[in-house]
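Undergrad: Residue numbers (my numbering), protein chains in the order written: chain Y, 1 to 617; chain D, 1 to 260; chain G, 1 to 407. Using N, Cα and C, we set each Cβ at its ideal position, and we do this for glycine too. I'd like to ask you about the structure that follows.
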Amino acid sequence: MDFGFLVVQSLSGLASASSLFVIASGLTLVFGVTRIVNFAHGSFYMLGAYMTVTVVPWLLDFDRSPLLFFVGVLVSALVVGALGVVMEVLLLRRLYKVPELFQLLATFGVVLMVQDAVLWIWGPVEIPGPRAPGLRHGVEILGQRFPAYELFLICVGPAVLGLLWLLMHKTRFGILIRAATRDREMVGALGVNQALLFTGTLFLGAFLAGLGGALQIPRVSANSQMDLSIITEAFVVTVIGGMGSVPGAFLAAVLIGQLNAFGVLIFPKITLVLVFLLMAVVLVVKPWGLLGRPEAAAGRAALPEGILATPRFGMWEKVILGVVLAATLAVPLFGDAYTVKVATEVLIFALAAFSLNFLVGNGGIVSFGHAAYFGLGAYAAGLLVTRGGFAMEPALIAAPIAGAAFAALFGFFVVRLTGIYLAMLTLAFAQIAYAVCFQWVEVTGGDNGVVGVWPSGWARSREVFHYLVAACCILGIAALRHVIYAPFGATLRAARDSEQRADAIGVNVRMHRWLAFTLAGAAAGLAGGLYAFSKGSIDPTLLAIPMSIDFLAMLLLGGMQTVMGAVAGAAAFHTIKDFFMPLTDHWRFFLGASIIALVLIFPRGLSGAYGALRRRA
Amino acid sequence: MTLLAVEGLNKRFGGVVAAKDVSFALAAGEMLAIIGPNGAGKSTTFNMVGGQLAPSSGRVMLAGQDITGLPPRQVCKLGVGRTFQVAQTFLSMSVAGNVQMALTAHHGRTRDLVADAASLYRAEALALLAQVGMAEAADRPIGELAYGDVKRVELAIALAAAPKLLLMDEPTAGMAPRERAALMQLTAGIARGQGIGVLFTEHDMDAVFAHADRILVLVRGEVIAEGSPESVRANPEVQRVYLGQSGHKAALRARRAAHG
Amino acid sequence: MAGFTLSRRGALAAGTGMLAGLRPGRAPAQGAPIKVGELNSYARMAAFSVPYRNAIQLAVDRINQAGGVMGGRPLEFVFRDDGSTPGDAVRVAEDLLTREGCAFLAGTFLSNVGLAVSDLANQRKKLFLATEPLTDALTMAQGNRYTWRLRPSTYMQTRMVVEAARGKTAKRWAIVAPNYEYGQSAAANFKRLIGQSIPGAEIVAEQYPALGRVDAGATVGALAQARPDGIFNVLFGADLTAFVREGNTRGLFERRLVLSLLTGEPEYMIPLGDECPDGWIVTGYPWEQVQDARHKAFVDAYRARFNDTPRKGSVLGYVTAEVVASMLNKANSTETEAMVDALADLPTQTIVGNVTMRALDHQGTMGTWVGETELRGRTGTMRNARYADGADFMFPEDEVRAARPRS
């Protein structure tokens, strides 16, 4: 490898890093100030790209000058910034008082809506943007040709970093942003107009995302999948750098850019997993990212988010439970074949969502990667049946064991962290598991997966299989529910409420969280095994990020404060999705709108609303 | 007999010496206060005894057993109960639930998947709450209590482990003056009645001079004086570097109060 | 809300058909419709699947105006989004088979979705006519009695471009493919086949960027560093645009032979615009150059009805409907076994000529166009394009026998 090549490859890495940093800096600012995990950041990036391919060609019709090109880029970014304000004022502002995870769910609803809105407005065909006038050519560097525009991009990153530094240190707005990032309560106490600060931050964040998208246009075409492809990477950069740290994001972006540029030379297939491997390593070594600070100690006494009370079933709850159980068991008698199928899936998702709430609601362990254990359970069952020649019964026993084993392995590292960093590490492990299933073609069948995972003969009819699933899931949920009411469940709540206090009364907090992670992994694995047999196949989508998000959405829709909320949430989410999917190609828009509506109407989830109703009655 | 023996504790953070050759001893049933100006190393010393911090060198012996560097949960198991400057309780639980949780941990049943947490050790918890005068609030959510009452419950939580030693970090911080005296009296009563040693730090000199059997004065990480309240009060160096006028007045007030 | 389509209503329109423009002598179809359950990635892969659905509607209307199928019954496609995941697709397929009462299934886009639905069809003993999934597994290792595939597979398309390179002198080859089954399997096929066209050819570099997330600069740099004589490209869509732009600026394609799958399809040519490279050997669809009268009529009808030019997906959609009608007419029944038997070696005269569903591996002989890319005005097209009949590029029979599970 000659020197010129190494330099140019490194410049390619820097150009990618620069683009990534512009996007991630917005995300990290928004998180730092509002503590919102803003999934819609990728949507702003996409909108920035689409705005640019609309505005810039129109401007260039007047004059093909570089000035007009960059005016177009800025205008696009400003428009996106304004959209960020719209989202803050119409949606997020109503949600600052509800648990932070609900804001995440709301931004996820925005993602779904924007995806389809983009398809409506700009159509499904990707739109290539114009190249930047004056920067179309290649520049000769050490005997290699390098795009002039990428040289320009390399300068943009440090420029944005510098401007942000000036903003943060020389303006009142910036100083407030820094103060809020360090200690959110303090800003409230200082009598700052918090709403205005948040609106301003969302504007800045969305503007940076839009700018990132706009600047990509001379390199890539605007397409309707660019939101999800960027958002995970942007999150990874933010986490590696330390959430809330702009210089950290810069450092992380440069690191990822270089690793990518040289990584593909050595492992051409590493593209899928590289950034997540890096994130996992960084978080294991530096639990708050490269330049992040520990989250402000919980000196304040605030009610935790999650299960607060563990009441016994009252008369009404018993009636409802009886009706639901009866309906579940009666579905095969009265429903048609398809209703049975949907009911079976609802049961499976209910178990998966319940196991997630066992972690999130009961343990305060927010997992963004719960699908990993669901999927690994499915793979264990599926591979045993198809490759190992086993029957369904042993495979269904292996599924929870596999879920538990991997949860124990990953959980060992996960429970060393807390809060958002813990959540991101679960995501990293899930992505690593996903990449292994995706790429280990000989064993897992790659992304095609493995087909032929069908139940044993006796359970093959939809009805019998439904009863099998019902038995497994109801028993699983009942068992987990029992654990929530048992000393182990109480200990997890105790550790969630005050880790310091739990430690001081002699509780090994990490060990208990690790056991909880393992137990939840087992339940998710069982659900995954059942799912594999209900579908007849396994494939990597079972442990992909969208599946994890679906579980979170179910849990949040149902309400994470109550023991049984997740079950209601699974039923509601799956029913809504199943209702809109056959109606229209744009079902994602309506799913997103439904999620936002439910979050706004029932900010504590369906079960939270039920609880309020009961108290009033 | 000596319950707690601290021998030559040192703690350095980078180049800063937070504790320098700190040694003291504490007998069962005795109340020992650590005082000193801000940054004197009180919390550092305290946390090294409680296990929250590992010392750079030195030893901490509890009833003849070396507990140096053990994590808090093991220190707890060996008979050390603790309260925090800002009360740490389980906010989602009831008052009794908090104490039951501590009892569950003390009896090593936190991994029990079967029993009913709501009824486990309830009678014992009510008895402990009665000791601190909080039995009537047993079923209220702890988040609803006044701060002084939360501190009492925290004391009950600490007592759940049947400790030989109580560590209390600023036990009266954030409380009204009348509540302070009541809590300190309650603590002293329990400690002396049950032979529990109490190590506490405190800003409130009234509380210190009224209830401590002995006082340890730390300045810049070093012990500059140790002894009975009277001897510490009389120590000219303590007066010069630390107590100053206000401390002196407090000492006078305390003496008047003691002699009624 | 131009793109907003209620698919049930769309199905109804297709099913009842327009009554105008009847051919004399034949009554429009009557009676209960024969329903085909069509599931596809309409939400996520709309650029391909919507023109596909349009063409099916066009074809179905014509078929019904001309008297329908099975002696006068109307044909109806029920279109559904497959959610782009196997889990959703299997549920939708169940819905189509049970609640909608469809006689059989057709469609799917992604390979993993196609395989999952194929296995469901095998399990439920229902016919599945896979139209778009390209994976070889569908008709080879994972093949089953009830699954048939229309579109030329990864193997066939790779073989088409590789054979078009016969006689070229490029010995050192670099491969760039998206990191998933389609890309990996195209690369594997290429490695296997290139030596037959160019003796002594060797692979000197391979790059597998993540689908939809190509880091074009790093990828182009890595490929150029290997100094290949030729490049085999499997990237498509947004990845392709980014790759081509970066490659053009850095001179990656200069004096190099490039073989590229699918790039000549309007789906990918249109977004490339004036960045369209010159002289790549590609598979594609130069719709304006097809001279066959039936095909021209299809192009005209499509443009008239949808005010848009046809895509490769449109051709596939139209042929799908034609093959379905032909099968139903031959089987004269909606019994699964009868339909499966009817498909075996069934020849159909379609707008691309004869398409036979080979009984040996359940693969249709539908072909595609092979030619060289060329920029004309502001959009790319193909020159020297010729229709490569799939029949000439099928898997060798002994390989099929070795790979397909015995039923």
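The beta strand (DSSP E) spanning D336 of chain Y covers which residue range?
TA: From DSSP, D336 of chain Y is part of no beta strand (DSSP E); its letter is neither H nor E.
Undergrad: Can you tell me which residues form a DSSP beta bridge with R214 of chain D?
TA: D:L32, per the DSSP bridge assignment.
Undergrad: Could you tell me if C155 of chain Y is buried or exposed, where buried requires 16 or more neighbouring beta carbons within 10 angstroms of its beta carbon?
TA: Exposed is the call here.
Undergrad: Going by DSSP in three states, Q207 of chain G sits in which element: helix, strand or coil?
TA: If DSSP states are grouped into helix, strand and coil, Q207 of chain G belongs with the strands.
Undergrad: Do you know whose CA, among G:A29, G:L58 and G:S84, lies nearest A43 of chain G's CA?
TA: Among G:A29, G:L58 and G:S84, the Cα nearest to that of A43 of chain G is on G:S84.
Undergrad: Below 9 Å between beta carbons is the criterion; list the residues of the stretch 501-524 of chain Y that meet it against any residue of chain D, in chain order.
TA: For the stretch 501-524 of chain Y, which is checked against every Cβ of chain D, the residues closer than 9 Å are R501, A502, D503, A504, I505, G506, V507, N508, V509, M511, H512, L515 and L519.
Undergrad: Mind checking whether Q207 of chain G and V176 of chain G have CB atoms under 8 Å apart?
TA: A contact, by the Cβ cut-off of 8 Å.
Undergrad: Can you give the beta carbon distance from G72 of chain G to Q30 of chain G, rounded, assuming they're within the 8 Å contact cut?
TA: Right, their Cβ atoms sit about 6 Å apart.
Undergrad: Per DSSP, what kind of secondary structure is K312 of chain G in: helix, strand or coil?
TA: DSSP places K312 of chain G in helix when its eight states are reduced to three.
Undergrad: Going by C-alpha to C-alpha distance, which of Y:D503, Y:V483 and Y:V599 sits closest to V80 of chain D?
TA: It is Y:D503.
Undergrad: Taking a cut of 7 Å between CB atoms, which residues from the stretch 66-92 of chain D lie near chain Y?
TA: So the close ones are P72, R73, C76, K77, R82, F84, V86, Q88, T89, F90, L91 and S92.
Undergrad: When Cβ atoms are compared, which residues of the stretch 488-502 of chain Y fall closer than 7 Å to chain D?
TA: Here the close residues are F488, G489, A490, T491, R493, A494, D497, S498, Q500 and R501.
Undergrad: Quick one: what does DSSP say A165 of chain G is sitting in, helix, strand or coil?
TA: A165 of chain G: coil per DSSP, three-state reduction.
Undergrad: Are V370 of chain G and T249 of chain G touching if we call contact CB-CB under 8 Å?
TA: Cβ distance not < 8 Å, so V370 of chain G and T249 of chain G don't count as in contact.
Undergrad: Could you tell me the boundaries of the beta strand (DSSP E) in which D21 of chain D lies?
TA: Segment V16 to A27, the beta strand (DSSP E) holding D21 of chain D.
Undergrad: Is the stretch 406-417 of chain Y in contact with the stretch 363-383 of chain Y, if contact means three or more CB pairs nearer than 8 Å?
TA: The stretch 406-417 of chain Y, when compared against the stretch 363-383 of chain Y, does touch it at the 8 Å Cβ threshold.
Undergrad: What is the C-beta distance between G558 of chain Y and A570 of chain Y, in whole angstroms, given that I count them as a contact (C-beta under 8 Å)?
TA: Indeed they touch by this definition, with Cβ atoms about 7 Å apart.
Undergrad: Hey, would you say S56 of chain D sits closer than 8 Å to K11 of chain D, going by beta carbons?
TA: A contact, by the Cβ cut-off of 8 Å.
Undergrad: Does any CB atom of chain G fall closer than 8 Å to the CB of M581 of chain Y?
TA: Yes, M581 of chain Y lies at the interface with chain G (some Cβ there is under 8 Å from its Cβ).
Undergrad: Are any of the Cβ atoms in chain D nearer than 8 Å to that of Y379 of chain Y?
TA: Not an interface residue.
Undergrad: Short of 8 Å Cβ to Cβ, which residues in the stretch 123-139 of chain Y face chain G?
TA: Result list: G123, P124, V125, E126, I127, P128, R131, R136, H137 and G138.
Undergrad: Classify H169 of chain Y: buried if its beta carbon has 16 or more other beta carbons within 10 angstroms, exposed otherwise.
TA: That one is exposed.
Undergrad: Would you tell me roughly how many angstroms separate the C-alpha atoms of E226 of chain D and V232 of chain D, rounded to the nearest one?
TA: Cα to Cα, the separation comes out at about 6 Å.
Undergrad: Under the three-state reduction of DSSP, which class applies to Y146 of chain G: helix, strand or coil?
TA: Of the three classes helix, strand and coil, the one that applies to Y146 of chain G here is coil, per DSSP.
Undergrad: Using a Cβ-Cβ cut-off of 8 Å, state whether H106 of chain D counts as contacting chain Y.
TA: By this cut-off, H106 of chain D is an interface position.
Undergrad: Out of curiosity, what's the CA-to-CA distance linking T5 of chain G and R588 of chain Y?
TA: With a pLDDT of 39 at T5 of chain G, under the threshold of 50, the modelled position of this residue cannot be trusted, and the question is left open.
Undergrad: Please confirm whether P304 of chain Y has its beta-carbon closer than 8 Å to some beta-carbon of chain D.
TA: So, interface residue.
Undergrad: Consider the Cβ of I157 of chain D: report whether some Cβ of chain Y lies at a distance smaller than 8 Å.
TA: So yes, I157 of chain D belongs to the interface.
Undergrad: Is it the case that the Cβ atoms of R481 of chain Y and V563 of chain Y are separated by a distance below 8 Å?
TA: Yes. Within cutoff.
Undergrad: Does any residue of chain Y have a CB that is nearer than 8 Å to the CB of Q57 of chain G?
TA: No, no contact with chain Y.
Undergrad: For D61 of chain G, report the span of its alpha helix (DSSP H) as first-last.
TA: From DSSP, the alpha helix (DSSP H) with D61 of chain G extends over A46 to Q65.
Undergrad: Please report how far the alpha carbon of G25 of chain G lies from the alpha carbon of G67 of chain G, in whole angstroms.
TA: Legend: pLDDT at G25 of chain G = 45, less than 50; position of this residue unreliable, value from coordinates given subsequently. In a straight line, the C-alpha of G25 of chain G is about 10 Å away from that of G67 of chain G.
Undergrad: On the CB-based measure, 16 or more other CB atoms within 10 Å of its CB, does A561 of chain Y come out buried or exposed?
TA: At residue 561 of chain Y the sequence reads Gln, which differs from the Ala that was named. Q561 of chain Y comes out buried.
Undergrad: Can you pull the chain Y residues whose beta carbon is under 8 Å from the beta carbon of E246 of chain G, in chain order?
TA: Going along chain Y in sequence order, the residues near E246 of chain G (Cβ under 8 Å) are P147 and R219.
Undergrad: With 16 other CB atoms within 10 Å as the buried threshold, where does I270 of chain Y fall?
TA: So I270 of chain Y ends up on the buried side.
Undergrad: When DSSP labels each residue in this structure, what does W454 of chain Y get in the three-state scheme?
TA: Looking at W454 of chain Y - three-state DSSP - the assignment turns out to be coil, as it is neither helix nor strand.
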